[in-house]
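Novice: Below you'll find the structure I mean.
In my numbering, the protein residues as written are -19 to 108.
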């Protein structure tokens, strides 16, 4: 099992350089997604492609078997702690969606699939 961040999903959908590797990792693992990550990916895709972007995202989630996990009080506490340790005032500069992805990965003791350098400044384990 892995957790995916919105950045990896958007990279796949935008066919960025890492898209093939990210898609293979999603296909090979049961992946979880925070609802905040889903929202973040929806906003990004809608800004680029309108409602078609959200349909593409939903199709990717369905075809990859990515499961959205409910936000619990425990997840929220972990996300708040992630913001304190790794938020915008730190070198990691995690945003809200990042903090919830981090929290879900820690809660499930799962590696995180993400794009970029933000999470490399944290103690989360990469899914790559």
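All residues carry an ideal CB built from backbone N, CA and C; glycine is no exception.
Do you know how far the Cα of residue 18 is from the Cα of residue 43?
Specialist: 15 Å
Novice: Expressed to the nearest angstrom, what Euclidean distance is found between the alpha-carbon atoms of residue 13 and residue 25?
Specialist: 16 Å
Novice: What number of angstroms, rounded off, separates the C-alpha of residue 35 from the C-alpha of residue 61?
Specialist: 33 Å
Novice: Count the other CB atoms, across all protein chains shown, that sit within 10 Å of the CB of residue 102; report buried if there are 16 or more and exposed otherwise.
Specialist: When all chains shown are included, residue 102 counts as buried.
Novice: What distance in whole Å lies between the Cβ atoms of residue -12 and residue 95, which are believed to be in contact at a cut-off of 8 Å?
Specialist: Taking a contact as a CB-CB distance under 8 Å, the pair residue 95 and residue -12 counts as one, their CB atoms being some 6 Å apart.
Novice: Where do the N-terminal and C-terminal ends of the beta strand (DSSP E) with residue 12 fall, by residue?
Specialist: 11 to 13
Novice: Quick one: residues in its chain with C-beta nearer than 6 Å to the C-beta of residue -9, no 5 flanking neighbours on either side, listed in chain order?
Specialist: In the same chain as residue -9, and ignoring 5 residues on each side of it, the C-beta atoms closer than 6 Å to its own belong to -2, -1, 2, 95, in chain order.
Novice: Under the assumption that residue 93 contacts residue 5 (Cβ atoms under 8 Å), give the Cβ distance between them as a whole number of angstroms.
Specialist: 6 Å
Novice: So residue -14 and residue 20 are in contact, right, with Cβ under 8 Å, and what is the actual spacing, rounded?
Specialist: 4 Å
Novice: Judging by CA-CA distance, which residue of 10, 65, -6 is the nearest neighbour of residue -17?
Specialist: The alpha carbon of residue -17 has as its nearest neighbour, out of 10, 65, -6, the alpha carbon of 10.
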